[in-house]
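Novice: Dropping a structure here in structure tokens format, bear with me for questions.
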Amino acid sequence: MTDVPISILDLAAVGPQESIADSFAGSVRLAQAAERLGYERIWYAEHHNIRSIASSATAVLIAHIAAHTEKIRLGAGGIMLPNHSPLVIAEQFGTLEILHPGRIDLGLGRAPGSDTAAMRALRRDEFSSERFPQDVQELQGLLSENSPISGVVAIPGKGTNVPLYILGSSLFGANLAAVLGLPYAFASHFAPHSLFDALQVYREGFKPSEHLAEPYAMAGVGVIAAADKAEADRQLEVTRRIRVKSLFKTPGGGKLSEEEVDQILDSPRARAVDEMLTYSAVGTGAEAAAYLADFQAKTGVQELITVHYADSVDNRVRSVELLAEAAELGAAAAA
């Protein structure tokens, strides 16, 4: 059992035999289970043009989940801010905060969350990410009482002070979160290589702000908890195959066949997939909980963001349940 809060990043994954409607219904089930079991919060990530991820309209999905839950915190992990104007995001999340007061978080990233073709379709320009620090501060101002733009007020949004989190998979986000005195979440569930360097940069450079007196670091970690290790390992293999299909295409840009997936997994290219899964707790609930306790002890993070990989909604919800039971989340929440 770990003493820090455990949260969830729900990608609204679409399993091999599932529809997008199945995925959304599963996200409701997962959120209701997480609320009942004592998880801290659930975040949803903005991705585009990825067949296996259905959380592209992030604010809309958060609103749907919030309407079907009562108290668990919900938010974006994250909104890719360079894809949007700060005013639009302030209005969206200001609306969510007013509808569901005290339950909304806003994590922000600067990656596109998409491929090149989708970036063009989003009308994102090549300099968007360079404006990210200024856009974060503009958004923060729009959510406060004092708009940074003369004659422009976020309605809704003004005065809601939705809490902001900086997300990152490199040292850039760590530096920015430190300078702005904001919480920082590192995406070690898919970009593990800079985890410890980023945490060090964040902690050493942190400047207290009106929002946060001390550093608050979070880290993503994959989880596959199942009834036994053999079943967890089977789901891990399915996860590897899904990752291959999302990362690689045929020479003509089409979907890979199962035989082509086998070939990639048997080649050096599989390293790109397996590196993304470096920090993954795979096994029974007890084994997964022990892995998370060790991961937290090594990183010293104040919160864990678990990403439950599974081949179906049922198995993903079961993973959430098994981990919570083993980690005694309900007992920790009651205490």
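Oh and the sequence shown: position 150 is 156 in the numbering used here, straight run, nothing missing. Just so it is clear, CB atoms sit at the ideal spot from N, CA and C, and this is done for glycine as well. Since we're looking at a predicted model, the values are computed, not measured.
#1: Is it the case that the Cβ atoms of residue 100 and residue 67 are separated by a distance below 8 Å?
#2: Does DSSP classify residue 227 as helix, strand or coil?
#3: In three-state DSSP terms, what is residue 287?
#4: Name the residue from 42, 61, 81 whose alpha carbon lies nearest to the alpha carbon of residue 49.
#5: Only counting the same chain, and skipping five residues up and downstream in sequence, which positions put a Cβ closer than 6 Å to that of residue 11?
#6: Alpha helix (DSSP H) containing residue 352: first to last residue?
#7: Could you spell out the range, first to last residue, of the alpha helix (DSSP H) harbouring residue 253?
#8: Ignore the nearest five residues each way along the sequence and tell me which others in residue 43's own chain have a CB closer than 8 Å to its CB.
#9: In chain order, what residues of the same chain have a beta carbon less than 6 Å from the beta carbon of residue 215, not counting five sequence neighbours either side?
#10: So, for residue 222: in the same chain, excluding its five sequence neighbours on each side, which residues have a beta-carbon less than 8 Å away from its beta-carbon?
#11: Would you mind sorting residue 258 into buried or exposed? The rule is 16 or more other CB atoms within 10 Å of its CB.
#12: Curious, which full-length beta strand (DSSP E) runs of at least 3 residues does the region 83-135 contain?
#13: For residue 173 versus residue 114, is the C-beta spacing smaller than 8 Å?
#14: Taking 7 Å as the limit between beta carbons, can you name the residues of its chain near residue 271, skipping five residues before and five after?
#15: For the beta strand (DSSP E) that residue 314 lies in, which residues bound it at each end?
#16: Are the beta-carbon atoms of residue 83 and residue 177 separated by less than 8 Å?
#17: Cβ of residue 183 within 8 Å of Cβ of residue 226?
#18: Tell me where the beta strand (DSSP E) around residue 191 begins and ends.
#19: Under DSSP, the beta strand (DSSP E) around residue 170 begins and ends at which residues?
#20: Assuming residue 228 contacts residue 298 (C-beta within less than 8 Å), just tell me the rounded distance between them.
#21: Residue 110 and residue 185 - do their beta-carbons sit closer together than 8 Å?
#22: Alpha helix (DSSP H) containing residue 325: first to last residue?
#23: Pull up the distance between the alpha-carbon of residue 127 and that of residue 145, whole angstroms please.
#24: Just mark residue 278 as buried or exposed, buried being the case when its beta carbon has 16 or more other beta carbons within 10 Å.
#25: Should residue 319 and residue 108 be called a contact, given that it needs their Cβ atoms to be closer than 8 Å?
#26: Measure from the alpha carbon of residue 232 to the alpha carbon of each residue in 295, 290, 219, 267, then state which is nearest.
#27: Between the beta-carbon of residue 69 and the beta-carbon of residue 102, is there less than 8 Å?
#28: CA-CA distance, residue 98 and residue 72?
#29: Under three-state DSSP, which class holds residue 13?
#30: So what does DSSP say about residue 80, is it helix, strand or coil?
#31: Beta-carbon separation of residue 303 and residue 294 under 8 Å?
#32: Using a threshold of 8 Å, state whether the C-beta atoms of residue 312 and residue 13 are closer than that.
Specialist: Taking the structure as given:
#1: It is not a contact, given that the beta carbons lie outside the stated cut-off.
#2: strand
#3: strand
#4: Each of 42, 61, 81 was checked against the Cα of residue 49, and the nearest Cα belongs to 81.
#5: 46, 309
#6: This structure gives no information on residue 352, because the portion of the chain shown stretches from 7 to 341.
#7: From DSSP, the alpha helix (DSSP H) with residue 253 extends over 235-253.
#8: 326, 327, 330, 331, 335, 336
#9: 187
#10: 189, 190, 308, 309
#11: exposed
#12: 110-115
#13: yes
#14: Counting only Cβ-Cβ distances below 7 Å, and skipping sequence neighbours, we find 246, 250.
#15: Where residue 314 is concerned, the enclosing beta strand (DSSP E) stretches over 309-314.
#16: Contact flag unset, no.
#17: no
#18: 190-192
#19: 170-174
#20: Residue 228 to residue 298, Cβ: 10 Å. No contact.
#21: no
#22: 319-333
#23: 23 Å
#24: exposed
#25: no
#26: 290
#27: yes
#28: 14 Å
#29: strand
#30: strand
#31: no
#32: Taking 8 Å as the Cβ cut-off, residue 312 and residue 13 qualify as a contacting pair.
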